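K.L.:
Here it is: the structure, laid out below.
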Amino acid sequence: MSLKPAAVLDALRAVIDPDLHRDIVSLGFVKDVAIDGGKVSVVVELTTPACPVKDRLKAECEQRIRALPGVTAVDVKMTAQVRSAAASGPVLPGVRNVLAVASGKGGVGKSTVAVNLAAALVKTGARVGLMDADVYGPSVARMVGGKGQAQATPEGMLRPFEAHGLKFMSMGMLVNDQSPVVWRGPMASGLIQQFLTKVDWGDLDYLVVDLPPGTGDVQITLTQSANITGAVIVTTPQDVASEVASRGLKMFGAVKVPVLGVVENMSYFVAPDTGRKYNIFRPEGGEAPYKRWGVPLLGEIPIEPKLAGLGDKGIPVVAAEPGSDTARAFLELAQRVAAALSTVTMSQGASGSPVNVDADGPHLTIAWDDGHVSQHNFQRLRFQCACAQCVDERTGKKRIVLEFIDPNVRPKAIEQSGRYALQITWTDNHSTGLYTFDRLRQLCECPDCVATRAAR
Ligand code: ADP
Numbered sequence: 051m052s053l054k055p056a057a058v059l060d061a062l063r064a065v066i067d068p069d070l071h072r073d074i075v076s077l078g079f080v081k082d083v084a085i086d087g088g089k090v091s092v093v094v095e096l097t098t099p100a101c102p103v104k105d106r107l108k109a110e111c112e113q114r115i116r117a118l119p120g121v122t123a124v125d126v127k128m129t130a131q132v133r134s135a136a137a138s139g140p141v142l143p144g145v146r147n148v149l150a151v152a153s154g155k156g157g158v159g160k161s162t163v164a165v166n167l168a169a170a171l172v173k174t175g176a177r178v179g180l181m182d183a184d185v186y187g188p189s190v191a192r193m194v195g196g197k198g199q200a201q202a203t204p205e206g207m208l209r210p211f212e213a214h215g216l217k218f219m220s221m222g223m224l225v226n227d228q229s230p231v232v233w234r235g236p237m238a239s240g241l242i243q244q245f246l247t248k249v250d251w252g253d254l255d256y257l258v259v260d261l262p263p264g265t266g267d268v269q270i271t272l273t274q275s276a277n278i279t280g281a282v283i284v285t286t287p288q289d290v291a292s293e294v295a296s297r298g299l300k301m302f303g304a305v306k307v308p309v310l311g312v313v314e315n316m317s318y319f320v321a322p323d324t325g326r327k328y329n330i331f332r333p334e335g336g337e338a339p340y341k342r343w344g345v346p347l348l349g350e351i352p353i354e355p356k357l358a359g360l361g362d363k364g365i366p367v368v369a370a371e372p373g374s375d376t377a378r379a380f381l382e383l384a385q386r387v388a389a390a391l392s393t394v395t396m397s398q399g400a401s402g403s404p405v406n407v408d409a410d411g412p413h414l415t416i417a418w419d420d421g422h423v424s425q426h427n428f429q430r431l432r433f434q435c436a437c438a439q440c441v442d443e444r445t446g447k448k449r450i451v452l453e454f455i456d457p458n459v460r461p462k463a464i465e466q467s468g469r470y471a472l473q474i475t476w477t478d479n480h481s482t483g484l485y486t487f488d489r490l491r492q493l494c495e496c497p498d499c500v501a502t503r504a505a506r
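With the numbering used here, the residue at position 406 of the sequence shown is 456, and numbering never jumps.
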């Protein structure tokens, strides 16, 4: 019996994307299946070249296909096409994802993280821009070694500068270094508008935006003018007492920008002579702040004494010392951020949005815009909370036990977070977990969904 493409697709349905929690066939990742006798070639298109599980998915595809009867050779080609968060509009028309890098206060290394994260995304093969919106302390130009005069295109747009494979624009390139810049809110907002609408960014997979610290005019202008796909918040272990960063979380929540997670900078120091790791800045018994906020930890960046010098020389550590532990930490961070952005864009397209959420009955009922009505037992849904308090993000193991959850638990409040998740405050006062639309669809306990899952 000859091998059919349908059999190959069926085999690939068992390969699940661990971030999107769905199989690669229904996600539309399998682009081509070619069969030549016993030789099977497939093309799998991921949502980012920075996919952290690319090798694992490739190996699993190969293994599943090889197990089919009659297969003598397998060729799995992995490609990537970064998806766009929203239909392109007049602002940033060629930009697929806008990533805001924020912090509660200055000096935590936000610009350092923004620059190295952008440079690390370039390393994965993505097209990346970096916009220095930190108009009060523009340091991006210095950190990427930008020099020269801004040039205009024939259409009267400003051409972004280029260095280390990334396009960037910073106020630092437009003013004389010596002149102090005193920005009032409206001027700063005006400049951000210019950066968004008068710079020819071209086609980009990711535009990384280095925001000023705190919550002010620039943040508001940006969130109102551009469609921000997601935000990351940079903190340090010393930031434990800081309520400012959590204000940032609330601000993004209010403007419906998904917070992808936290980057902990200056997390630890590795002694170069002994290789021993020291948690220098973490207070004795102190708990990292992100744990209280219930957002994932996307990366831990070590204290790297060379960073200041490299920043002054204008070379990101990812470019200067790609094999170093610090560069690796930034590369891993870039992969996690890219995966989180893919989750946001895919869940927007994949599962639609809730049109009605009802928690007044015996269970949670969600009516979706595609007509499906999902049902969720309150206690089991509370148990499925995926926040850092409920799930150990390093091992993926649950930290809570179903039987220990109040059987009468129910939502006190439900709010939509961004365009991709619900945030539920439960009667046991747990409120940090986000339930993405995609996940809610997978957890649906309506008779149809239960029967479909049982048949698999
Ligand atoms: P922010 O943008 O939050 O104000 P910067 O990125 O400008 O902070 O960093 C402030 C200073 O801290 C810079 O001199 C930078 O080189 C240094 N720095 C940032 N991150 C680290 C790190 N992980 N290890 C050592 N120095 C760092």
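We put the CB at the ideal spot given by N, CA and C, even for glycine. Values in this document were obtained by computation on a predicted structure and should not be read as measured data.
1) So, with DSSP's three-state summary, where would you put GLU112?
2) Helix, strand or coil: which one does DSSP assign to ASP182?
3) Applying the 10 Å Cβ sphere with the 16-neighbour rule, what's the burial state of GLU465?
4) LEU360: which of SER91, VAL190, ILE450, VAL94 sits nearest, CA to CA?
5) Given a cut-off of 8 Å, decide if LEU254 and ARG177 are closer than it, judged by their beta-carbon atoms.
6) In its own chain, which residues sit with a C-beta less than 8 Å from the C-beta of VAL258, not counting the 5 before and 5 after it?
7) Let me know if THR445 comes out buried or exposed under the rule of 16 or more other beta-carbons within 10 Å of its beta-carbon.
8) CA-CA distance, VAL423 and ILE416?
9) Report all residues from its chain with a CB closer than 7 Å to the CB of VAL459; omit the five preceding and five following residues, and keep chain order.
10) Okay, do the region 403 to 416 and the region 370 to 389 touch, 3+ Cβ pairs below 8 Å being the bar?
11) So the candidates are PHE218, ALA281, ALA389; which of them puts its Cα closest to the Cα of GLY303?
12) Does the region 311 to 327 come into contact with the region 479 to 487, if we say contact requires no fewer than three beta-carbon pairs (one atom in each stretch) closer than 8 Å?
13) Who are the Cβ neighbours of GLY196 in its own chain at under 8 Å, not counting the five residues just before and after it?
14) Would you call PRO352 buried or exposed, if buried means 16 or more other Cβ atoms sit within 10 Å of its Cβ?
15) Is GLU354 near ligand 1 - that is, is its Cβ less than 7 Å away from at least one heavy atom of it?
16) Grab the span of the beta strand (DSSP E) containing ASP260 for me, first residue to last.
17) Would you mind reading off the limits of the beta strand (DSSP E) that contains ASP125?
18) Does the distance from the C-beta atom of ASP250 to that of MET207 stay below 8 Å?
19) If you reduce the DSSP assignment to three classes, tell me which class GLN199 lands in.
20) Looking only at its chain, what residues have a beta carbon closer than 8 Å to the beta carbon of ILE242, apart from the 5 residues adjacent to it on each side?
21) Along the chain, where does the beta strand (DSSP E) that runs through THR415 open and close?
22) In chain order, what residues of the same chain lie with their CB nearer than 6 Å to the CB of ILE66, ignoring the 5 residues before and after it?
23) Could you check the C-alpha separation between ALA291 and ASP323 for me, to the nearest Å?
24) Measure from the alpha carbon of LYS89 to the alpha carbon of each residue in LEU472, ALA377, ARG116, then state which is nearest.
25) Given the structure, does THR285 come close to ligand 1, in the sense that its CB is under 7 Å from one of the ligand's heavy atoms?
26) Return yes when at least one heavy atom of ligand 1 lies under 7 Å from the C-beta of LYS160, else no.
27) What are the boundary residues of the alpha helix (DSSP H) that ALA505 is part of?
28) Under the criterion of a Cβ to heavy atom distance below 7 Å, does ILE351 qualify as lining ligand 2?
P.N.:
Short version:
1) Taking the first residue of the sequence shown as position 1, residue 112 is located at position 62. Reduced to three states, the DSSP call for GLU112 is helix.
2) Counting from 1 along the sequence shown, the entry for residue 182 is found at position 132. Correct three-state label for ASP182: strand.
3) On the sequence shown, position 415 is the one that residue 465 refers to. Under this definition GLU465 is an exposed residue.
4) Counting from 1 along the sequence shown, the entry for residue 360 is found at position 310. If you compare the alpha carbons of SER91, VAL190, ILE450, VAL94 with that of LEU360, the shortest gap goes to VAL190.
5) As a working mapping, residue 177 is identified with position 127 in the sequence shown. As a working mapping, residue 254 is identified with position 204 in the sequence shown. Yes, these two residues count as a Cβ contact at 8 Å.
6) Reading the sequence shown from its first residue, position 208 is the one you call residue 258. The beta carbon of VAL258 sits closer than 8 Å to those of LEU149, VAL151, ALA164, LEU167, ALA168, LEU171, VAL178, GLY179, LEU180, MET181, all from its chain and outside the five residues before and after it, given in chain order.
7) Here the question's residue 445 lines up with position 395 in the sequence shown. The residue is exposed, with fewer than 16 neighbouring Cβ atoms inside 10 Å.
8) Within the sequence shown, numbered from 1, the residue matching residue 423 stands at position 373. Within the sequence shown, numbered from 1, the residue matching residue 416 stands at position 366. About 6 Å.
9) Taking the first residue of the sequence shown as 1, we reach residue 459 at position 409. Only PHE428, GLN429, ARG432, TRP476, THR477, ASP478 meet the Cβ criterion.
10) No, they do not touch.
11) Here residue 303 refers to the residue found at position 253 of the sequence shown. Answer by Cα proximity: ALA281.
12) With the cut-off at 8 Å, the region 311 to 327 and the region 479 to 487 do not touch.
13) The count along the sequence shown starts at 1 and reaches residue 196 at position 146. Once the five neighbours on either side are set aside, the close Cβ partners of GLY196 are VAL190, PHE211, ALA213, PHE218, SER220, GLY222, MET223, GLY364.
14) As a first step, residue 352 is located in the sequence shown; it is residue number 302 there, counting from the start. Around the beta carbon of PRO352, 16 or more other beta carbons lie within 10 angstroms, which makes this residue buried.
15) Taking the sequence shown and counting its residues from 1, the one referred to as residue 354 is at position 304. The beta carbon of GLU354 sits closer than 7 Å to at least one heavy atom of ligand 1.
16) On the sequence shown, position 210 is the one that residue 260 refers to. ASP260 -> beta strand (DSSP E) spans 254 to 260.
17) Sequence index remark: in the sequence shown, residue 125 carries index 75 (1-based). Note, ASP125: beta strand (DSSP E), 123 to 130.
18) Walking along the sequence shown from the start, residue 250 turns up at place 200. Walking along the sequence shown from the start, residue 207 turns up at place 157. Yes.
19) Within the sequence shown, numbered from 1, the residue matching residue 199 stands at position 149. Note: GLN199 maps to coil in three-state DSSP.
20) Translated into the one-based positions of the sequence shown, residue 242 becomes position 192. ALA183, VAL185, VAL268, THR271, LEU272, SER275, listed in sequence order.
21) In the sequence shown, counting from the first residue as 1, residue 415 sits at position 365. Taken as a continuous stretch (DSSP letters only), the beta strand (DSSP E) holding THR415 covers 414 to 418.
22) As a working note, residue 66 is residue 16 in the sequence shown. So the list reads ASP73, once near-sequence residues are dropped.
23) As a first step, residue 291 must be located in the sequence shown, where it is residue number 241. As a first step, residue 323 must be located in the sequence shown, where it is residue number 273. Unreliable placement is indicated for ALA291, whose pLDDT of 47 sits below 50; the coordinate value is still reported in the next sentence. One alpha carbon belongs to ALA291, the other to ASP323, and they sit about 33 Å apart.
24) Here the question's residue 89 lines up with position 39 in the sequence shown. The residue with the shortest Cα to Cα distance from LYS89 is ARG116.
25) Looking up residue 285 in the sequence shown gives position 235. No, the Cβ of THR285 stays beyond 7 Å of every heavy atom of ligand 1.
26) On the sequence shown, position 110 is the one that residue 160 refers to. For ligand 1, at least one heavy atom lies less than 7 Å from the Cβ of LYS160.
27) Position 455 of the sequence shown holds residue 505. It spans 497 to 505 - the alpha helix (DSSP H) in which ALA505 sits, taken as one unbroken run.
28) Looking for ligand 2 in the displayed structure turns up nothing; the ligands present are ligand 1.
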